[in-house]
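Position in the sequence shown counted from 1, then plus 168, gives you the working numbering.
Every residue, glycine too, gets a C-beta built ideally from N, C-alpha and C.
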Amino acid sequence: MHYPRHIGIIPDGNRTRAQERELPSIFGHKAGFENSKKLVEYCFLQTEVECITLRGASTENIQERSPQELEYLYDIYQTIDDDMKEFYLEHGIGYKRVGSSEGLPDKLVDFFHQQEKKFISKNGKYIILAVNYGGNDEIIRGINSLLQNNPNLQSVSEQQLSDTMDLGSFPAVDLVIRTKGEMAKRLSGFMTRWISYAELYFSDKFFPDFSIEELQKALERYDSIVKYRNFGK
């Protein structure tokens, strides 16, 4: 079976699922993150997937969500990572947080930095958490970094730009999975620079209900079409 090296996941539908059950949004977020642990473990233990990028709160979410909801999300990020630390260490999984630090609590930014230092990949496998991340924002920050370091810059190559971006050291995304079905068949600026040749899989499930069996369907679909990928040749 041909597995994608890098999967990007947009875990949509947490809040909607909670609302349909007449529960506060925070219950949906918690259910979603609990489910993400199962999916991550399956990918790294049962497949040849090397990198998984999970979208957390996007740049737009940070601007639009209530302070109370954001505070709860920040707590979840830390709780889930603490729950997964033994798994990361045992299986040599590296950790990376991508996105802007501007607007995030200093305590949370420091937590992410500590996680990156603590969990170093021993086998090329990484869990990547995108928090305060937007694909366009990543590009803009990369360009600004180039200009700051090279004030007389006249032109820029694709490789130069990639090297300054959050995800420049990782393989491009092969498969993007987004949950929530007809309500969310879009990419919402997710990993703009890195999904040029990615296959897209939209699931009708809300993310807390996106089971390992559903993930297997996405992987099987990828396997069925990967032989036809020619990358524009």
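Quiz item: Quick one: is R397 buried, meaning 16 or more other Cβ sit within 10 Å of its Cβ, or exposed?
Solution: Looking at its Cβ environment, which holds fewer than 16 other Cβ atoms inside 10 Å, R397 is exposed.
Practice problem: Hey, could you find the ends of the beta strand (DSSP E) I177 is sitting in? | Solution: Residues 174-178.
Quiz item: By Cβ distance, which residues of its chain are closer than 6 Å to Q302, with the 5 residues on each side in sequence left out?
Solution: It should be pointed out that residue 302 corresponds to Gly in this sequence rather than to Gln. Around G302: S226, T227, G357.
Quiz item: Where do the ends of the beta strand (DSSP E) carrying K264 lie?
Solution: It spans 262-266 - the beta strand (DSSP E) in which K264 sits, taken as one unbroken run.
Quiz item: Where C211 and E306 are concerned, what is the direct C-alpha to C-alpha distance, given to the nearest angstrom?
Solution: Taking C-alpha positions only, C211 is separated from E306 by approximately 26 Å.
Quiz item: What number of angstroms, rounded off, separates the C-alpha of I178 from the C-alpha of G310?
Solution: A straight-line Cα-Cα distance of about 22 Å links I178 and G310.
Quiz prompt | Where I288 falls: helix, strand or coil (DSSP) | solution = If DSSP states are grouped into helix, strand and coil, I288 belongs with coil.
Quiz item: Could you give the residue range of the beta strand (DSSP E) that holds Y369?
Solution: For Y369, the enclosing beta strand (DSSP E) stretches over residues 367-370.
Quiz item: Which first and last residues belong to the alpha helix (DSSP H) in which R233 is found?
Solution: For R233, no alpha helix (DSSP H) run applies, since DSSP gives it neither H nor E.
Exercise. Drop a sphere of 10 angstroms on the beta-carbon of T221, count the other beta-carbons inside from all chains shown, and report buried for 16 or more, exposed for fewer.
Key: So T221 counts as buried.
Quiz item: Quick one: Cα of I380 to Cα of Q316, how far?
Solution: Within the model, the alpha-carbon separation for I380 versus Q316 is close to 45 Å.
Quiz item: Smallest Cα separation from N300: which of S268, Q282, L343?
Solution: Just measuring C-alpha positions, the residue of S268, Q282, L343 sitting nearest N300 is S268.
Exercise. Could you tell me how far apart the beta carbons of N203 and P376 are, in whole angstroms, since I believe they sit closer than 8 Å?
Key: Distance from N203 to P376 at the Cβ level is roughly 5 Å; contact confirmed, criterion being Cβ atoms closer than 8 Å.
Exercise. Would you decide whether H197 is buried or exposed? Buried here means 16 or more other CB atoms lie within 10 Å of its CB.
Key: H197 sits buried, since 16 or more C-beta atoms from the chains shown fall within 10 Å of its C-beta.
Quiz item: Going by the beta-carbon positions, is the gap between G224 and A298 smaller than 9 Å?
Solution: It is a contact, given that the beta carbons lie within the stated cut-off.
Exercise. Could you check the C-alpha separation between M351 and G176 for me, to the nearest Å?
Key: When rounded, the separation of the alpha-carbon atoms in M351 and G176 is 19 Å.
Quiz item: Taking the continuous beta strand (DSSP E) assigned at I363, which residues delimit it?
Solution: The continuous stretches of beta strand (DSSP E) do not include I363, and DSSP gives it neither H nor E.
Practice problem: Flag this pair as yes or no: are the beta carbons of L368 and R346 separated by less than 9 Å? | Solution: The Cβ atoms of L368 and R346 sit closer than 9 Å to each other.
Practice problem: State the Cα-Cα distance for the pair C219 and L191, rounded to the nearest angstrom. | Solution: Their Cα atoms are separated by approximately 33 Å.
Exercise. List the residues that DSSP assigns as beta-bridge partners of R346.
Key: In DSSP, R346 forms a bridge with I178, F370.
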